[in-house]
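**Q** Let me give you the structure first, and then I'll get to my questions.
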Amino acid sequence: MTDADEGNGNAQPSEHEAIEALEHLGLSNYAARVFVALQRLGVGTAKEIHDVAGVPRSQVYGAAEELESLGLVELQQSTPKRYRSVSLDAAHRCLAENLQNEANRAFNYLEAARAERTAGETRDDVWTIRGHEPVNNRVIELVEQSQERVLFAAPSLLFITDDLVKALRERAANNVDVRVVSESADVRDRFETVPDVSASGPDEEPPVDFTGRVLLVDRRVVLLSVVPNVPGSDETAIWSADTAMADILSQIIEGGIESMIGF
Numbered sequence: 001m002t003d004a005d006e007g008n009g010n011a012q013p014s015e016h017e018a019i020e021a022l023e024h025l026g027l028s029n030y031a032a033r034v035f036v037a038l039q040r041l042g043v044g045t046a047k048e049i050h051d052v053a054g055v056p057r058s059q060v061y062g063a064a065e066e067l068e069s070l071g072l073v074e075l076q077q078s079t080p081k082r083y084r085s086v087s088l089d090a091a092h093r094c095l096a097e098n099l100q101n102e103a104n105r106a107f108n109y110l111e112a113a114r115a116e117r118t119a120g121e122t123r124d125d126v127w128t129i130r131g132h133e134p135v136n137n138r139v140i141e142l143v144e145q146s147q148e149r150v151l152f153a154a155p156s157l158l159f160i161t162d163d164l165v166k167a168l169r170e171r172a173a174n175n176v177d178v179r180v181v182s183e184s185a186d187v188r189d190r191f192e193t194v195p196d197v198s199a200s201g202p203d204e205e206p207p208v209d210f211t212g213r214v215l216l217v218d219r220r221v222v223l224l225s226v227v228p229n230v231p232g233s234d235e236t237a238i239w240s241a242d243t244a245m246a247d248i249l250s251q252i253i254e255g256g257i258e259s260m261i262g263f
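Heads up: the sequence shown is residues 1 to 263, going by full-length UniProt numbering.
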């Protein structure tokens, strides 16, 4: 193994790391160790697996049953019983499917729990988000919830992702009034071929340099972000929805942008 391999993450994982990874995929420790041992043996009895894996022989049977129930091991009804692993491709599919099923179960419950919240719940006035990607994700989520109007402003292509363009395009296709504002010709050009999305620039130089982005949705949601001009600093955003603060900020920001753009 070269130093480059160590540096770029291509180093071969150890057996311990492989067992830990299998545990993260849902196997018990004994089942993971038995499964690894079978890769070395090909076919093995409980005693042979015990010798290779170091799993107590009395625990090999339970671990093998666990693997069999997951479709990872086949059993030969001989004396003594012999076990062999399915192909690694098949094992990969089984574990990935099981993991996806567990994720679906968890998120189905979480969606149901969230749906139980009443429409009249109390909301905090302002939420804070830190980090470029988390802000990206929140912007896209708010755009996707729009019903009537979206106004988005950004100073550069740094804030324009393919996912954002897709979300704006889809809302425009659903008769949402989508407008993009930017001093940057590159940003405006990015939306030139996006149907039903209006991209405009200010008629005059803005009074201040703005380093973040602005999002207004349906005149009830506002998001503002800033990128400090300090090395190592990341984007920070505040957002508010269905609050008096969101209503006031939306009116102020929209009025300021309209005076610069003239729409």
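Virtual Cβ for every residue (Gly too), placed ideally from N, Cα, C. Owing to the predicted nature of the structure, the values given are computational and were not obtained by experimental measurement.
#1: Per DSSP, what kind of secondary structure is arginine 213 in: helix, strand or coil?
#2: Determine, using beta-carbon pairs with one atom in the region 132-147 and one in the region 104-119, whether at least three such pairs fall under 8 Å.
#3: For residue 280, which option in Leu216, Glu235, Asn229 and Ile257 has the closest C-alpha, if you only look at C-alpha atoms?
#4: Taking the alpha carbon of leucine 158 as the point to measure from, which residue in Ile252, Leu70, Val34 and Val187 has its own alpha carbon closest?
#5: What are the start and end residues of the beta strand (DSSP E) that includes valine 180?
#6: Tell me where the beta strand (DSSP E) around isoleucine 49 begins and ends.
#7: Judging by CA-CA distance, which residue of Gly256, Ser58, Leu67 and Arg84 is the nearest neighbour of alanine 32?
#8: Compute the Euclidean distance between the alpha carbons of leucine 164 and alanine 237, then round it to the nearest angstrom.
#9: Quick check: the region 95-113 against the region 213-228, are there 3 or more CB pairs under 8 Å?
#10: Please report the straight-line C-alpha distance between valine 222 and leucine 168, rounded to a whole angstrom.
#11: Where does valine 226 sit, in a helix, a strand or coil, going by DSSP?
#12: Only counting runs of 3 or more residues, tell me where the beta strand (DSSP E) segments fall wholly within the UniProt domain "Transcription regulator TrmB N-terminal" (22-88), in order along the chain.
#13: Short of 6 Å in beta carbon distance, which residues of its chain neighbour leucine 95, apart from the five on each side in sequence? Order them along the chain.
#14: Rounded C-beta distance between leucine 38 and valine 73? I'm assuming under 8 Å.
#15: Threshold first: 4 residues or longer. Then list the alpha helix (DSSP H) segments lying entirely within the region 108-165, N to C.
#16: Count the other CB atoms, across all protein chains shown, that sit within 10 Å of the CB of isoleucine 252; report buried if there are 16 or more and exposed otherwise.
#17: For asparagine 8 and glutamate 141, what's the separation of their Cα atoms in angstroms?
#18: Taking the alpha carbon of asparagine 98 as the point to measure from, which residue in Pro195, Glu15 and Leu27 has its own alpha carbon closest?
#19: Tell me where the alpha helix (DSSP H) around valine 187 begins and ends.
#20: Whole angstroms is fine: what's the gap from threonine 161's alpha carbon to alanine 18's?
#21: Can you find a C-beta in chain B that's less than 8 Å from the C-beta of cysteine 94?
#22: Output the distance between the C-alpha atoms of alanine 173 and arginine 179, rounded to the nearest integer angstrom.
**A** In short:
#1: coil
#2: no
#3: Any question about residue 280 goes unanswered here, given that the chain covers just 1 to 263.
#4: Val187
#5: 177-181
#6: From DSSP, isoleucine 49 is part of no beta strand (DSSP E) but of the alpha helix (DSSP H) over 46-53.
#7: Leu67
#8: 16 Å
#9: no
#10: 16 Å
#11: strand
#12: 43-45, 73-76 and 82-85
#13: Leu25
#14: 7 Å
#15: 132-144
#16: exposed
#17: With a pLDDT of only 48 at asparagine 8, under the threshold of 50, the placement of this residue in the model should not be trusted; the figure read from the coordinates follows. Near 34 Å, if we compare the C-alpha coordinates of glutamate 141 and asparagine 8.
#18: Leu27
#19: 185-190
#20: 36 Å
#21: In summary, chain B is missing from the structure at hand, where a single protein chain is found.
#22: 13 Å
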